[in-house]
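Numbering-wise, the working numbering puts 265 at position 221 of the sequence shown, and it's gapless, one number per residue. We put the beta carbon where it would ideally sit given N, CA and C, even for glycine. The structure under discussion appears below in the form of structure tokens.
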Amino acid sequence: MSIRNPDPFAFLSGDSLLRMGLTPISDQEWVAPFSRAEYETFSQHKRSVLERNPKALLVDGAADVALAEFYVALKQHLQRDHPGAVLSCSLDFHDPEAATPAALLRKMTLWVPDDICILQAEDGGEYQLTAVSVLSPSAWNPVAKFRRSLSDIHQPIPKFKQRLMPSVDRFFHHIKSGRPVVRYNWGIQQGDRLDRMPGTEVVSEDCLYYRSERQTLLRLPGSQAVVFLIRTQLWELAKLDEMSGEENTLQRLLNHISGLSQEERDYKGLTGKRLTGLQCALERLRN
């Protein structure tokens, strides 16, 4: 089977944040391949976060059945489609002694570099976040989003509820099991910190990184819950051409930003010193 590699820089051809940008992928691509080095980076990061805050993993009782189903599905997927990673990373597939939903979520959290969200609809209503293991949040607090609806979760995005929520709601109610999809989110951040909780300390505006999030969605056939995985990568601005496989990626990024509305730029934090920092980085790359 031919495995496609959706382009994390495809958004540069668009002119708005208000696009779902979903691409169908094969079952094998549900979890992206990962190296031992990438796994160790995220494993150490996740263990550190959980040691500081054991309550970072949140589970609602409504997610119990979905988590048990997801546990089996993820284990089978990794063993079938990523045997090299299972071996090189020495993934521990022994069931926890107390197989509580929270214990299963913690176990899965340490199997993959990705962050994990479980979303479920009650009685055909709007989908809500019923289980969450997001240890690398990008300027949002998972605790504040727990048990919240999709429209509430995305409320900070300009005009999301009016322009995009109907499409998102329709998609979530019609996504088929066994047919995962992928989209990419992006941002510019200060420093290379993975967990960017609101209010965390920032560093110099001169130290800017490009943040890419590979986001996949898959419906579980039994519980009908939707699993949302987030794989985060950080790249120095000077490496964008190398990562995109094209030239002048930073210039294309600046051109894209200039086409966003002021409201969208404010939401992305692409104003003032940060925008100036991007422009200065481009000048340094040219010289």
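Assigned exposure category for residue i - 16 Cβ within 10 Å defines buried
| i | result |
| --- | --- |
| Asp159 | buried |
| Leu111 | buried |
| Arg191 | exposed |
| Asp139 | exposed |
| Phe78 | buried |
| Gln118 | Note on identity: in this sequence residue 118 is Leu, with Gln being the wrong assignment. Result: buried. |
| Pro52 | buried |
| Lys312 | buried |
| Val116 | exposed |
| Gln172 | buried |
| Gln234 | buried |
| Arg309 | buried |
C-alpha distance - residue i paired with residue j, whole-angstrom precision
| i | j | result |
| --- | --- | --- |
| Cys133 | Asp167 | 40 Å |
| Glu327 | Ser182 | 27 Å |
| Ala188 | Met241 | 11 Å |
| Leu329 | Leu298 | 14 Å |
| Lys90 | Leu154 | 7 Å |
| Leu304 | His198 | 18 Å |
| Asp236 | Phe216 | 32 Å |
| His121 | Gln72 | 8 Å |
| Leu131 | Ala81 | 13 Å |
| Leu322 | Val225 | 31 Å |
| Val212 | Ser288 | 28 Å |
| Leu314 | Gln268 | 38 Å |
| Gln123 | Arg214 | 33 Å |
| Thr260 | Leu94 | 23 Å |
| Cys251 | Ser92 | 24 Å |
| Leu66 | Ala54 | 11 Å |
| Pro145 | Cys161 | 13 Å |
| Gly169 | Ser193 | 10 Å |
| Ala143 | Gln88 | 23 Å |
| Thr85 | Gln306 | 36 Å |
| Leu262 | Asp125 | 16 Å |
| Lys151 | Asn185 | 22 Å |
| Glu141 | Ser302 | 54 Å |
| Met209 | Arg96 | 35 Å |
| Arg296 | Pro127 | 38 Å |
Under 8 Å between C-beta atoms of residue i and residue j
| i | j | result |
| --- | --- | --- |
| Leu264 | Glu113 | yes |
| Arg255 | Tyr228 | no |
| Asp239 | Ser180 | yes |
| Gln164 | Ala107 | yes |
| His300 | Leu56 | yes |
| Thr174 | Asp104 | yes |
| Leu294 | Ala325 | yes |
| Ser221 | Leu101 | no |
| Pro98 | Arg223 | no |
Cβ-Cβ separation, residue j to residue i (assumed contact under 8 Å), whole Å
| i | j | result |
| --- | --- | --- |
| Val270 | Ile232 | Not a contact, Cβ separation roughly 29 Å. |
| Ala147 | Tyr83 | Going by Cβ atoms, the distance from Ala147 to Tyr83 rounds to 21 Å, so no, they are not a contact pair. |
| Glu280 | Tyr253 | 6 Å |
| Arg275 | Pro157 | 6 Å |
Cβ of residue i within 8 Å of any chain B Cβ
| i | result |
| --- | --- |
| Arg309 | Reference to chain B is not applicable here, since this structure consists of a single protein chain. |
Start-end ranges of the alpha helix (DSSP H) lying completely within the stretch 272-297, minimum 4 residues
284-288
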